[in-house]
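The listed protein sequences correspond, in order, to chains A and B.
Numbered according to the numbering used here, the first sequence spans residues 1 to 405.
Numbered according to the numbering used here, the second sequence spans residues 1 to 405.
C-beta: ideal position from N, C-alpha, C; glycine also.
Every value quoted in this text rests on a predicted model; they were computed, and no experiment measured them.
Worksheet: the structure to be examined is printed underneath.
There are 2 protein chains.
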Amino acid sequence: MTDLAARLHHPLPVLTPATKTLGDIEGLRASGVRAGIKASGNPDVALLVADSLIDVAAVFTQNKFAAAPVLVCREHLQKTGGRARAIVVNSGNANACTGDEGLQNARIMCADVAELLGCSPDEVLVASTGVIGVQLPMEKVRAGIRAAFAELQSGPEAGRAFLAAIQTTDAYPKEACEPGDGWSVAGVCKGAGMIAPNMATMLAFVATDAPVDAGGLPALLRDVAVGSFNAVHVDSHPSTNDSLFLLATRRGTQEKAFSNALRDTCRRLAWLIARDGEGATKVTTIRVTGASSNEAAQAIGRRVAESALVRTALFGNDPNWGRFVSQVGNAKEVTSVAGLVCKVQGITVFENEAPTRFDRAEASKAMAAEDVLLELALTEGSGAGDILTSDLGYRYVEVNAEYTT
Amino acid sequence: MTDLAARLHHPLPVLTPATKTLGDIEGLRASGVRAGIKASGNPDVALLVADSLIDVAAVFTQNKFAAAPVLVCREHLQKTGGRARAIVVNSGNANACTGDEGLQNARIMCADVAELLGCSPDEVLVASTGVIGVQLPMEKVRAGIRAAFAELQSGPEAGRAFLAAIQTTDAYPKEACEPGDGWSVAGVCKGAGMIAPNMATMLAFVATDAPVDAGGLPALLRDVAVGSFNAVHVDSHPSTNDSLFLLATRRGTQEKAFSNALRDTCRRLAWLIARDGEGATKVTTIRVTGASSNEAAQAIGRRVAESALVRTALFGNDPNWGRFVSQVGNAKEVTSVAGLVCKVQGITVFENEAPTRFDRAEASKAMAAEDVLLELALTEGSGAGDILTSDLGYRYVEVNAEYTT
């Protein structure tokens, strides 16, 4: 065995702060405060408020255990036709698996914000993240909401205060922005692996002051989510609370550049989540091409990413073509593996139904990178898709096995 | 961090040898020899020969990358209508991803045995296990076949020589038997996790001298496989070579007790494979009930077993109800999680949409066992099914990440 202790150390990525945050989006104010929900005393209530009723689209978890805030958001967005004044967020407690009391608590959070803003409770959205199966400490939450309201500000610091208050097990803050012509897209998110005791994982908030066609936002956001947040595979465990919100403060004729800026922002945020998988040392993009459809391509990539054997090989910088291609053969979306080509970091390791005579040491060295590309080319059609996955190392086991005992 | 080195140590199960082996089945002779295919010098060619043409049923991998021996067996069983004189096996090389040359080599193995026996090559079956993507060293294989033929014997030692020669990364020999009234079912298998460099995983050989209804064997074996070998989830990676053979040396009116003996034998062999997952400390039976169908129940159980989060929790003896139930919510075979009850070792940890007030320390202690039962009861129908899974600990990462680098 090599030095195991050394292998438990995983350097974090080197990040530069985003030039714009949610607080820089025209028409938005943000805040984050310490309400005492988290035992650590870290910030745990966040508020994002628009100056007027704005357009909001959202994508939520497909887990049948949808948390109370998700149920309330779906209801509110339905009632308002996709408009809102504010989003209130707490971390430290996911308000999931909390039954009717949890649903009432989510409604109270919206009503409290609505009262402060003088709007309808339906015009307030809510998100929670943290432990599941425990009721929210509502006195602390409600005091936190009042404090966050008093703190509302615009500008980069306000956006970062919001971001700080939505984090749970994140190893680093996750933010991204893309500039446009007189407008911006800015986003923040939280999410790493699901660490005991039962963290609900992913929340993302993206906002823009670009002129947008409000009617097209929900479909655009769903499409963008497919290639970003829904492409992240950390541990095949979509959570009860996963939510992605898009806030647009201005209506108008949508610029083509906006879709691209939104896509790039969401992809960057998704990368940051994959990179923060417990003990992850890199992000691997599993790119499947030549599938029968784009959906099939992503499903095949997900099948490959689900394999603990594949993910440990990625951790070990092992160009293990057998694990990669045999998992393609197990995907039910694949009807023929004839002609399959597999490349690792651009190096062809499998073609013509057999491994190539590639240089293992060279391929292994190429895999010791912050970004790894694993390409799997089928010959069934023109479907293509990416999945982003973290690797699986000792620290993953340590973090996930040794919580309670 | 606790003492990681100590946690890399995983005691193996305490096993008692089976009272009967393949060599004890009336009408069968077996052998195993060292042919030099394995660099280790361990036995690597095995032969199982019937005194006359007997009934054989088989279940093979569903991976689209089926290895050459699997393709040849399917063809031969088709031609003979499920009859054979012999099975020849090699370990050390899976003859998978080897193209036309590999197919020819599998045919040569059958032809060599046929010539020695004086039968048709179609009446010989073949299985291989070991590294993939490398051609068989045919001179060694053919010399090994001649040596194995010369060594054919009946009795327990012959059966164990066969078993020794089919093993690859197995930490212990895997055998099981069930006695009947004047007959027996005896079986052996090989299989653990898929260790680099690309081991093809599971081979099982079960034989009986019970009087059987030959026509019903294929359907019976498929059914038995569902509840045994197909219920094993070690790392969601069915291999190119997985094969299960059932040899029946006598025809007659099938006794009801035979099906049960076959089922028990296969279940025991499947348990032995799950227990030999790399670094596994236990076997967890994930029992899903109340699903819409038996197939749905197993699919849901498999979804739970696929989660690295679930398997690390099992390793850590962590009664992590959130991971268990949320993964049920992610299974596409589930339409409603209302009424879901989750029990760990008989202790109810989740019901009425919320965790119970169970004693975590007590539940954790109960999970520190060789056999763990995780029950997930839905209320959608009467479908039920078990999945057997190994847990995921440090040693799994060590074995799977640190092979080449």
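- When the beta-carbon positions are compared, A:L244 and A:V89 stay at least 8 Å from each other.
- An exposed status is given to B:A150, since fewer than 16 other beta-carbon atoms sit within 10 Å of its beta-carbon.
- Contacts with chain B (Cβ-Cβ distance below 9 Å) from the stretch 281-306 of chain A involve R303 and E306, listed in chain order.
- Residue burial annotation: A:S128 is buried, with at least 16 other C-beta atoms found within 10 angstroms of its C-beta.
- Under the criterion of beta carbons closer than 8 Å, A:G27 and A:T249 qualify as touching, at roughly 4 Å.
- CA-to-CA, the gap between A:V188 and A:P218 works out to about 19 Å.
- Contact annotation: in the stretch 348-360 of chain B, residues whose CB is within less than 9 Å of a CB in chain A are F350, N352, E353, A354, P355 and R360.
- In the three-state scheme derived from DSSP, where H, G and I count as helix and E and B as strand, B:L103 is classed as helix.
- In this structure, DSSP gives A:V344 an extended state, which the three-state scheme calls strand.
- Look at B:L136: its C-beta is not under 8 Å from any C-beta on chain A.
- For B:C97, there is no enclosing beta strand (DSSP E), as DSSP gives it neither H nor E.
- When DSSP states are grouped into helix, strand and coil, A:T265 belongs to the helix group.
- Between the stretch 252-270 of chain A and the stretch 292-301 of chain A, the count of Cβ pairs shorter than 8 Å is below three; the stretches do not touch.
- Annotated three-state conformation of B:V14 is coil, per DSSP.
- Secondary structure of A:G130 (DSSP, three-state): strand.
- Ranked by Cα distance from B:D359, the options B:P319, B:S239 and B:K64 are led by B:P319.
- A buried status is given to B:K174, since no fewer than 16 other beta-carbon atoms sit within 10 Å of its beta-carbon.
- Listed along chain A, the residues sitting closer than 7 Å to B:I132 by beta-carbon distance are G322.
- In the DSSP assignment, A:V45 falls within the beta strand (DSSP E) that extends over V45 to F60.
- A direct Cα-to-Cα measurement between A:R302 and A:N330 gives close to 11 Å.
- In its chain, beyond the 5 residues on either side, H10, F315, D391 and G393 have a beta carbon closer than 7 Å to the beta carbon of A:T281.
- Contact between A:V131 and A:A94 is confirmed by a C-beta separation of about 6 Å, below the 8 Å threshold.
- Put simply, the backbone Cα of A:G155 is about 49 Å away from that of A:A361.
- For B:A219, the enclosing alpha helix (DSSP H) covers residues L217 to G227.
- Shown here, A:N90 sits in a strand according to DSSP, grouped into three states.
- Looking at the DSSP output, A:E178 bridges to A:V185.
- Counting along the chain, the unbroken alpha helix (DSSP H) around B:S364 starts and ends at R360 to M367.
- In the three-state DSSP reduction, B:D24 falls in the helix class (H, G or I).
- B:T281 sits in coil when the DSSP states are folded into three classes, being neither helix nor strand.
- Secondary-structure assignment with DSSP links A:E351 through a beta bridge to A:A354.
- Taken atom to atom, the span from the alpha-carbon of A:F258 to that of A:G180 is near 7 Å.
- A:E139 counts as exposed, since fewer than 16 other C-beta atoms from the protein chains shown sit within 10 angstroms of its C-beta.
- Residues of the stretch 88-107 of chain A with a Cβ closer than 8 Å to any Cβ of chain B, in chain order: C97, T98 and G99.
- Of all residues in the stretch 44-65 of chain A, only N63, K64 and F65 come within less than 7 Å of chain B when Cβ atoms are compared, listed by chain position.
- Listed in chain order, the non-local C-beta contacts of A:E157 below 8 Å within the same chain comprise G23, local neighbours out to five positions each way being set aside.
- Using a CB distance cut-off of 8 Å, B:T129 does not count as an interface residue toward chain A.
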